[in-house]
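Numbering follows my numbering, in which position 125 of the sequence shown is assigned residue number 184; successive positions increment by one, without gaps.
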Amino acid sequence: MFGTKWKNYMMGTFVALAGFAGASATSADPLKAPADKAILTISGRIANTNKGQTAQFDREMLEALGLVTVETTTPWHEGKVRFEGVSLDKLMKTVGASGQRVSVIALNDYTTEIPMEDFAKYNVILAIKRDGEYMPVRDKGPLFVIYPYDSSPELKDQTYFARSAWQVVKIVVK
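As structure tokens, this is what we get:
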């Protein structure tokens with residue numbers, strides 16, 4: 060009744076729609092619950108949660124997303140420092156973030172606003188380790204927003220230094 064071209068078109072359309080439907084369903088799937096004490100809570104405009112309307116992560120969950128390394132100088136350390144952490148772009152995709160900005164909040168309630176476009180544009184990470192060691196709270200840990208300052212002259216500016224909060228415990232997607 061229908062020609063081969065029509066059958067191929069319909070099959071391709073079905074496969075494309077099935078893939079789209081599957082992608083949409085998984086983007087709202089809940090995250091697993093932290094097995095250990097949560098060190099980061101993400102809230103706001105997110106689709107994937109694991110505790111109420113928030114996404115909570117323990118260190119193991121963050122590391123499971125894959126660690127990336129940034130070697131850079133900072134205004135807070137002498138010489139080059141090697142930071143390891145999760146890509147903030149990947150973290151935002153994991154929680155299904157749909158905002159334009161985030162508020163990053165530290166243990167002492169220091170808050171900084173960061174445009175979400177920075178995360179992919181500059182390869183910003185949420186550092187867990189400095190020079191191979193987990194960062195304790197007393198030394199800017201457990202989490203530290205790090206830009207690769209040495210990668211671009213524009214990043215060696217107070218604007219980006221101010222966005223680099225340490226002792227991070229919350230992120231609110233706006």
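The beta-carbon is built from N, C-alpha and C at its ideal position, and this holds for glycine as well.
Beta-carbon within less than 6 Å of residue i's beta-carbon, same chain only, minus the 5 sequence neighbours each way: which residues are those?
{"i": "L147", "result": "F178, V183, L185"}
{"i": "L214", "result": "Y206, Y208"}
{"i": "K66", "result": "With a pLDDT of 43 at K66, under the threshold of 50, the modelled position of this residue cannot be trusted; read the value that follows with caution. Cβ neighbours of K66 beyond the five flanking positions: none."}
{"i": "V231", "result": "S102, G103, S162"}
With 16 other CB atoms within 10 Å as the buried threshold, where does residue i fall?
{"i": "T113", "result": "buried"}
{"i": "P201", "result": "buried"}
{"i": "K233", "result": "exposed"}
{"i": "Y181", "result": "buried"}
{"i": "V196", "result": "exposed"}
{"i": "S223", "result": "buried"}
Compute the Euclidean distance between the alpha carbons of residue i and residue j, then round it to the nearest angstrom.
{"i": "A234", "j": "D117", "result": "Residue numbering for the chain in the displayed model covers 60 to 233; residue 234 lies beyond these limits and cannot be assessed."}
{"i": "T170", "j": "E143", "result": "22 Å"}
{"i": "R160", "j": "G138", "result": "31 Å"}
{"i": "S102", "j": "K229", "result": "8 Å"}
{"i": "L150", "j": "T218", "result": "22 Å"}
{"i": "I173", "j": "I164", "result": "11 Å"}
{"i": "V227", "j": "N167", "result": "9 Å"}
{"i": "E122", "j": "K152", "result": "15 Å"}
{"i": "K199", "j": "D216", "result": "20 Å"}
{"i": "W225", "j": "M194", "result": "10 Å"}
Can you list, in chain order, the residues of its chain whose CB lies under 7 Å from that of residue i, leaving out five sequence neighbours each side?
{"i": "M120", "result": "P93"}
{"i": "D209", "result": "T131, T132"}
{"i": "F220", "result": "P134"}
{"i": "A97", "result": "Q115, F116, D117"}
{"i": "G158", "result": "G103, R104, M175, V232, K233"}
{"i": "P212", "result": "none"}
Give me the residue from the options with the minimum Cα distance to residue i.
{"i": "V140", "options": "F203, A156, R222, P212", "result": "F203"}
{"i": "N109", "options": "S223, V145, G155, V129", "result": "G155"}
{"i": "L99", "options": "E192, S211, I187", "result": "I187"}
{"i": "H136", "options": "A106, R222, Y193, R189", "result": "R189"}
{"i": "L124", "options": "L90, E192, E176", "result": "L90"}
So, at 8 Å on beta carbons, what are the nonlocal neighbours of residue i in its own chain, with the 5 sequence-adjacent residues on each side left out?
{"i": "L126", "result": "E143, G144, V145, I187, K188"}
{"i": "T128", "result": "R141, F142, E143"}
{"i": "G191", "result": "R141, E143"}
Can you list, in chain order, the stretches of the alpha helix (DSSP H) that have 4 or more residues and sit fully within the region 86-168?
Correct list: 118-123, 147-153.
Fully enclosed by the region 164-205, which beta strand (DSSP E) runs are 3 residues long or longer?
If one requires a minimum length of 3 residues, the beta strand (DSSP E) runs lying completely within the region 164-205 are 170-174, 184-189, 203-205, in chain order.
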